[in-house]
Structure formats: C-alpha cells, structure tokens
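Remarks on the structure that follows.
Residue numbers (this note's numbering), protein chains in the order written: chain S, 7 to 116; chain Z, 25 to 145.
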C-alpha cells in the first residue's frame, strides 16, 4: 500500500490527452513539492516534472503538472506511442522524514 | 555530462549481505544529496535511502532502517549501499540518483541504469 495513491492504469489513443492523479496528505503533497517520473522497466527512471509543474530541459511541453491541496495531477497531451511507460508521483513526507512514491500508473497508448 | 553507474549487484542467499556502489562523474559530487531507489519485479519504485552531500545526514524508510546503511566517499565520487539480513522481497533493481540541489528533499534529476540484486537460495 503506497502512501501516495495513483490509478494503476491509464490509456488513450495517439493524439489524445490523458491525466494521471496522485492523492496524498498534508504531510507530503500538502506541504512539499510533488515530482513526476517516467520509467520503462530496464531503463533509468527519468524526471518528467518537478516542483508541481516545472519541466526539466528536454521534456516536451506536452507534459504538464498541477497540484491542488493534497492532490496532484500529471497531464499528457498529444499522446505518442513513445509515451507508453510507467509514471510515478513522489513527494517528501515530513511525518516519515523520507520520500514517498505513488504505486505507479501504467500508461498504454492504444 | 552527468554519468551515474551502479555496480555490485548479484545473487545472494537469504540472510546474506551485499554492498552496492555508485560511481558518478560530471558534477561536484559533494555538493549534492544522493538517493537509492529500487524496483522489485511486478512492483513500483520504492525509496531506499537518501544521504546529504557531506554524508552527515542519512534517511531510510522504517522497513530498511537497521538493515541498510548508506554512505559516501566524496574523494572517490562514490556512493555506497551496504545491505544486510537480505530477504527475498529485497530482490529488485537498485537505482542510484542525484538530487537536483544540496537539500535531501529536492527532486532526483539524474539516474543510473541500475544494478540487479537477487536474493534466493
């Protein structure tokens, strides 16, 4: 059972948009930045969004993040086949003094 | 160019020990916190440990505190993870990641390719 709650799966067709939610609490999302990672098993995880809505250099603007109270969302527009991966939200938890991750959302591009 | 390379993984029996290493280049190692994250088969990313840039502060989830010890040698640009009392559920790919700034609570902006740890008799 992960501290941050994500839907286990999401899907969309090429060109469509999709949103992935991440629900937490006041000790993590409610008081610290949320970051999003993209991971294809067997490869290095990749930072996709940091500090709620900032994109590292090289990440397309099709990816965006937002946060409201104790929840956060990752939105992907104009889906492409290469977006098929696992997506994780993460935040520092003040009560646990450590990082907490969501359980991950497997994105399928149909 | 930032490079992060993990090593030291392998097959170990339950109850055994293993020490992972992570050699980095392309940035001032001592200026950044570092983190270990793992991914077990069929499961998601799981935080393992974080250490401050000077090595003076370390953090672990309760499930690993006392069994895992993170350390670093800033003169060798190397991060370590000493794992003991290993269990089958510790089987995973272990990733080393650099934090974006000195604070342990910042995002991990660069990751290695991981090293496989298998705990089995």
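Where a beta carbon is used, it is the ideal one built from N, C-alpha and C, also for glycine.
For chain S, check one thing: does any of its Cβ atoms lie closer than 7 angstroms to the Cβ of residue i?
| i | result |
| --- | --- |
| residue 104 of chain Z | no |
| residue 142 of chain Z | no |
| residue 71 of chain Z | yes |
| residue 137 of chain Z | yes |
| residue 34 of chain Z | no |
| residue 118 of chain Z | no |
| residue 68 of chain Z | yes |
| residue 133 of chain Z | yes |
| residue 65 of chain Z | no |
| residue 83 of chain Z | yes |
| residue 115 of chain Z | no |
Would DSSP call residue i helix, strand or coil?
| i | result |
| --- | --- |
| residue 31 of chain Z | strand |
| residue 123 of chain Z | strand |
| residue 15 of chain S | strand |
| residue 25 of chain Z | coil |
| residue 87 of chain S | helix |
| residue 18 of chain Z | In the structure as shown, chain Z begins at 25 and stops at 145. Residue 18 of chain Z is therefore absent and cannot be evaluated. |
| residue 54 of chain Z | helix |
For residue i and chain Z, any beta-carbon pair shorter than 7 angstroms?
| i | result |
| --- | --- |
| residue 53 of chain S | yes |
| residue 107 of chain S | yes |
| residue 104 of chain S | yes |
| residue 91 of chain S | no |
| residue 56 of chain S | yes |
| residue 42 of chain S | no |
| residue 50 of chain S | yes |
| residue 110 of chain S | yes |
Along the chain, where does the beta strand (DSSP E) containing residue i start, and where does it finish?
| i | result |
| --- | --- |
| residue 106 of chain S | 104 to 107 |
| residue 77 of chain Z | Premise fails: residue 77 of chain Z is in no beta strand (DSSP E) and is neither H nor E. |
| residue 96 of chain S | 91 to 99 |
| residue 134 of chain Z | 132 to 135 |
| residue 97 of chain Z | 92 to 97 |
| residue 43 of chain Z | 42 to 49 |
| residue 31 of chain S | Here residue 31 of chain S belongs to no beta strand (DSSP E), and DSSP marks it neither H nor E. |
| residue 70 of chain S | 69 to 74 |
| residue 52 of chain S | 52 to 55 |
| residue 112 of chain S | 111 to 115 |
| residue 104 of chain Z | 102 to 107 |
| residue 78 of chain S | 77 to 82 |
| residue 44 of chain S | 40 to 45 |
| residue 140 of chain Z | 139 to 143 |
Answer yes or no: do residue i and residue j have a C-beta to C-beta separation smaller than 7 angstroms?
| i | j | result |
| --- | --- | --- |
| residue 31 of chain Z | residue 45 of chain Z | yes |
| residue 97 of chain S | residue 38 of chain S | yes |
| residue 107 of chain S | residue 69 of chain Z | yes |
| residue 8 of chain S | residue 109 of chain S | yes |
| residue 116 of chain Z | residue 64 of chain Z | yes |
| residue 16 of chain S | residue 102 of chain S | no |
| residue 65 of chain S | residue 54 of chain S | yes |
| residue 104 of chain Z | residue 62 of chain Z | no |
| residue 137 of chain Z | residue 33 of chain Z | no |
| residue 104 of chain S | residue 85 of chain Z | yes |
| residue 90 of chain Z | residue 126 of chain Z | no |
| residue 99 of chain S | residue 59 of chain S | no |
| residue 94 of chain Z | residue 73 of chain Z | yes |
| residue 13 of chain S | residue 111 of chain S | yes |
| residue 31 of chain S | residue 77 of chain S | no |
| residue 45 of chain S | residue 131 of chain Z | no |
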